[in-house]
Amino acid sequence: MPTFRFTVNGQARTVDTEPDRPLLEVLREDLQLTGTKYGCGEGQCRACTVLLDGRPIASCVTPIRTAQGGKIVTIEGLASGAALHPVQQAFIDEGAMQCGYCTAGMVLRTAALLEQRPKPTDAEILEALDGSLCRCCGYPRILAAVHRAAVQSPAARKEASSATK
Amino acid sequence: MLPNDPREPERFELREGPLYTFEVDRRDFFLTLGAGLLVTVYATEAGAQTVAARLHLGDDGITTVFSGKVEEGQGARTEIAMAAAEELGVPLSKVRVQLADTDRTPNDGLTAGSRTTPGTIPAVRQAAAAARKALRQPSEWTILGKPQWHLTAREIATGEHKYPSDVTREGMLYGAVLRPPAYGATLESIDLDPANKLDFVTAVRDGDFAGCAARTSYAARKALETLTASARWKTTPQSSTPTLFEDLRAKAKQRVEPLAGKTHAAEFRTAYVQHAPMEPRAAVAEWSAGKLTVWTGTSNPFSVRDSLAQAFHLSTSQVRVIVPDFGGGFGGKHTGEAALEAARLAKAAGKPVKVRWTRAEEFMWAYFRPAALIDASARLNAQGIIESWQFINYNSGTAALQTPYRIPTRQEQYIPCDAPLRQGSYRALASTANNFAREAFMDELAAAAGQDPLDFRLAHLHHPRIRAVLTAATERFGWARRRKEKRAPNHGIGLACGTEKNSVVAACVEVEVDPKTGAPRLLEIVEAFECGVLLNPANTRSQVEGCILMGLGAALREQIEFENGRLKNGRFSAYKVTRLRDVPPKLDVILLDGTEEPSAGAGETPILAVAPAMANAIFDATAKRVRALPLRAV
C-alpha cells in the first residue's frame, strides 16, 4: 500500500493505506484523533471539517492522497497548550453548543474565516459557515460566538493564528 | 418503544414523599469512589420501591450524583449538578455527575417527555437536602435559577469529549451491516465466502441480520460490497409518498361519524420527518468473560440492556450499557439497534466492534416522526363562539390532542393506522401535528367569525398561563398595532399558542411568501415561553431557540419522500434541515419566570408554535389557507 506523509497539528505523520480512504477515517481510526466527526459522508454538514494548508475542507470526502505533503490542523491542535484558541473560548463563553457534535467543524471554519477576514460582515459569516449543520439548531449562540471571537483583541488572534498555519 | 404507543414515556413519579436511606457500606461504589457517605432517595410507585436518585458524598469533598438519565445536548448533566450543588451548599466544581451506566446508576427509565426537570431534579434535590437536612426555597437559590452553560463545554470545544462513536477499545474492529433495499424486504440468501476470504474480515449471517467486521471502516465497506452483491431479497409492494394520506385514511383502525351541525371543516396533513441528529446511531460492543459491555448513544439505557440480554440469552447482570453524552436525539434514539448489531458482530469476531450508522442508514432505518392526518371540524354560532368541536388525529398520537380552549362539546380522538414506515417518538411527540392543525383551524374560525385572531383566541381561553404568554408575545411584537398597518406585498403576520407537558408557549411571526413558489421565509419571531420556576435560564433560552429553529425546518422543507418502500431523499443534500441562512433576522425569546408553578422541562413545548403561526401569517399575506407541513401557499 502506498505511503502518505503529512503533518497533523504540527507533528509529522506517515500512514500506509489505500489512497482513496477518506482523510476523516485515517484521522479517527489510524491516528486516534476522534475530535473530527462523521456527520454525512457527502460533505454536506461540515462536522468533519479540518484545515488543510489553512483552508477548511470536508475530510469525509477528501481522499487521503489529497493530503500528501499537506499541513493538517484538527480541533485537537487548535489550542496552544492550556491556552484555548480565541474561537474555542468564544464558543465556550457564548454557550454555543448543545450536543456539541458540530462544534469542532464550526470552530475550525470560524477560525479559518477570521484568518481571512478579521472583521467579517454578517454576509461573510453566513457565506463562510453556510452548510455547517447544527441539528440542535444552536445557530443564534453560534453566531454570537463568531461575533465575540471577531471583536477580540488582534494580539490574541495573532498569537492564536500560528496554530492554524 | 412501540409504534403508535399513545402513552407518554414516563417511568417514575414521586407520588409520595421520598424515604431517605443512608447506606454506609456499598462495596461496588466504594471500590471506585473511596470513603464517604452514600445517600439514596427512594420513590414508591405502584407499591414498589425504586431508586430515584443516589449521591455519594466523598471524604475528599467531591460529591458524585448518580442518575440513569442521559445527556444528549439538552442540558441534563449541568442541571443535575446545579441541583445537587445548590442543596449541598457547595460550588459546582465540587460536584460530579455520573449518568447512564446500567452497572452504576439507578434506573431512571427513558430520558424523554421533558421528565428530567420535574422528576429527576426534585429527587436529586431531596437527596442532597437530606444530607444537609433542609431543602432550599427558590428565593434562597444561589446556583439554581442562575445562567450556567454546559459543564462539559471545554471538553467539547477542544475535541476531547468522547461521544459514543468516538469510543475506542484495544483491538477494536469496525462493523458494517447489510441493509435491505426497501421496507418489507427479507433476506433469502447470501454468500459470505467472498467477504470471509478477505484479510482480517469476519462476516456473519444470523437470521435477517448480516454484516461484517474489519480492521478499518474502509475495509468493512469493501467487505460489505461483496455481501450486497450476493444478497437475494424477497420484496413486497410498499407504500409511496403520493398516496400516503389516502393510505392512512384507508388503513385507519376506526371510522368516525362527522360532527353533527358542523359549520366548518378542514383536513390537515403533516409529513414524515426524520430526527437526523448530527451523530448517527453508534455503539461499541465488547465481550469479556461471558459479560457484554456496550457503549452507545441511547435515551433508554436500561431498556437497551434488557434487549441485549434477551437477544443474547443473558441475564441482565451480564450486560452493561454505558451511555457517553451523545450527539443529539430529539426523541429519535429510544432504541438500541447499533448496540445489538455491534454486539452480534463482536461475538462473531471475538473482538470489540464499533458500529456507526452512515447518514443514509440513519435516514432510512431510524424511526420517523409519524405523518399525521387530522380532521378538524367545528360549529361556530352567530355570536362567533365555538359551540362544538371535533378533532381526529390519524396515525400520529395523543400529545396535545385536547384543546386548551373552552368549548362546551368536544370530541378529540387519536386513531392508529397501519403505518407504512417505522415511526416513533419525536421532540414533543404528536403535539407538533396536533397544535399545528388546531391553531391553524382556530385562525380559520376567527376569520369566519370576523374577529382578530388574538381576540378570538382570548374569547375562548380561560387558561391563565397561556393567556399570559399570549399577552407577552403579542405586546412585544406589537400585534394590535401591526394588524392595523398595511403589510408590504407578500408579507403577513400570524400567531399561535399551545401547551404541553405543563409548560406554555405563544409566538407571533412575520413571514414573506415567495409569490412564484409559495414558500415562506421567516423574517421575525417573538416567542414567549413559561415552564414554571426556571432552573437554568441560559439553557432554557438555548432550548427555546433550538426548538423554534428545529420547528422551522419542518415548517419550511422537511419531508421524507419514499417510493415503494425506498427513501428518495435520505441525505442532507436532498433533505434540507434548518441551516444558518434560515435563522430569522429577528428572533426574540421571552422567558416568563412562572414562580407559582413547579419547574417543567423546556426542550419540547417551545417547538409547537412556529409552524402554525407561520401558516396563519401566510394566510395574512396571501389569503391562502395552508393546511399541510411543510408549508406552501398554493
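Protein sequence lines correspond, in order, to chains E and P. Note that our numbering has the first sequence beginning at 89, numbered continuously upward. Note that our numbering has the second sequence beginning at -17, numbered continuously upward. From the three backbone atoms N, C-alpha and C, an ideal C-beta is built for every residue, glycine too.
- Query: Got a sec: is the Cβ-Cβ distance from Val195(E) to anything in chain P below 9 Å?
  - Reply: yes
- Message: Give me the chain E residues within the contact set of Phe308(P), using Cβ-Cβ distance strictly less than 9 Å, ordered along the chain.
- Response: Cys187 and Tyr189
- Message: Once DSSP output is grouped into helix, strand and coil, what is the label at Ala121(P)?
- Response: Sequence inspection shows Ser at residue 121(P); the Ala mentioned does not correspond to that position. DSSP places Ser121(P) in helix when its eight states are reduced to three.
- Neighbourhood of Ser199(P) by C-beta distance below 7 Å, restricted to the same chain and skipping five residues each side: Tyr156
- Task: Check the Cβ of Gln132(E) against every Cβ in chain P and list those closer than 8 Å, keeping chain order.
- Result: Arg553, Phe554 and Ser555
- Message: Residues of chain E with CB closer than 8 Å to the CB of Arg563(P), please, in chain order.
- Response: Leu214 and Asp218
- Item | Closest by C-alpha distance to Cys136(E), when choosing among Arg143(E), His173(E), Gly219(E) and Cys148(E) | Cys148(E)
- Candidates Thr587(P), Arg548(P), Phe601(P) and Glu494(P): which alpha carbon is nearest Thr522(P)'s? Thr587(P)
- Cutoff 6 Å; reference Val301(P); Cβ partners in own chain excluding five residues on either side: Leu274, Arg287, Leu290 and Ala291
- Quick one: does the C-beta of Leu562(P) sit closer than 8 Å to a heavy atom of the ligand SAH? Summarising the ligand content, the structure contains no ligands, and the ligand SAH is consequently not present.
- Take the Cβ of Ser299(P) as the centre, count every other Cβ of all protein chains shown within 10 Å, and call the residue buried at 16 or more, exposed below. exposed
- Alpha carbon of Val149(P) to alpha carbon of Arg116(E), nearest angstrom: 11 Å
- Message: So with CB distances below 7 Å, who are the chain E contacts of Asp148(P)?
- Response: Thr122
- Task: Give the straight-line distance between the Cα atoms of Asn518(P) and Arg197(P), rounded to the nearest whole angstrom.
- Result: 44 Å
- Message: Which residues in chain E have a C-beta closer than 7 Å to the C-beta of Glu54(P)? List them in chain order.
- Response: Cys187
- Task: Have a look at Leu160(P), Ala412(P), Thr22(P) and Leu296(P) and flag the residue whose alpha-carbon is nearest the alpha-carbon of Ile589(P).
- Result: Ala412(P)
- Helix or strand or just coil, what does DSSP make of His143(P)? coil
- Query: Around the Cβ of Glu343(P), are there at least 16 other Cβ atoms within 10 angstroms (buried) or fewer (exposed)?
  - Reply: buried
- Got a sec, what are the start and stop residues for the alpha helix (DSSP H) Phe179(E) sits in? Pro174 to Asp181
- Query: At a CB-CB cut-off below 9 Å, which residues of chain P make contact with Phe179(E)?
  - Reply: Ala135, Ile138 and Ala139
- Query: Comparing the C-beta of Trp347(P) with each C-beta of chain E, is any distance below 9 Å?
  - Reply: no
- Spatial neighbours of Glu506(P) within its chain, please: CB distance less than 6 Å, with the 5 preceding and 5 following residues excluded, ordered by chain position. Glu492, Pro566 and Lys568
- Query: Which ranges would you report for the alpha helix (DSSP H) in the stretch 393 to 454 of chain P if only whole runs of at least 4 residues count?
  - Reply: 413 to 430 and 435 to 442
- Message: Just to confirm the assignment: which complete beta strand (DSSP E) runs, minimum length 3, are found wholly within the stretch 73 to 122 of chain P?
- Response: 77 to 81
- Message: Could you check whether Asp90(P) and Gly57(P) sit closer than 9 Å to each other, using their CB atoms as the reference points?
- Response: no
- Task: Starting from the N-terminal side, write out each stretch of the beta strand (DSSP E) that is 3 residues or longer and does not extend beyond the stretch 188 to 214 of chain E.
- Result: none
- Beta-carbon proximity of Thr391(P) to His445(P), cut-off 9 Å: no
- Under 7 Å between beta-carbons, which chain E residues line up against Leu531(P)? List them in chain order, please. Cys225 and Tyr227
- Message: Counting only C-beta atoms, is Arg143(E) closer than 9 Å to chain P at any point?
- Response: no
- Counting only the same chain and skipping the five closest in sequence on each side, list residues whose C-beta sits under 6 Å from that of Gly535(P). Val559 and Thr560
- So is Arg205(E) in contact with chain P if we call contact Cβ pairs under 9 Å? no
- Glu509(P): first and last residue of the uninterrupted beta strand (DSSP E) it sits in: Pro502 to Glu512
- Item | Complete alpha helix (DSSP H) runs within the stretch 237 to 288 of chain P (minimum length 4 residues, chain order) | none
- Item | Whole-angstrom distance between Gly583(P) and Leu37(P), CA atom to CA atom | 22 Å
- Task: Could you pull the start and end residues of the beta strand (DSSP E) that Thr184(P) belongs to?
- Result: Thr184 to Asp188
- Interface partners of Tyr200(P) on chain E, CB under 7 Å: Glu106, Arg109 and Glu113
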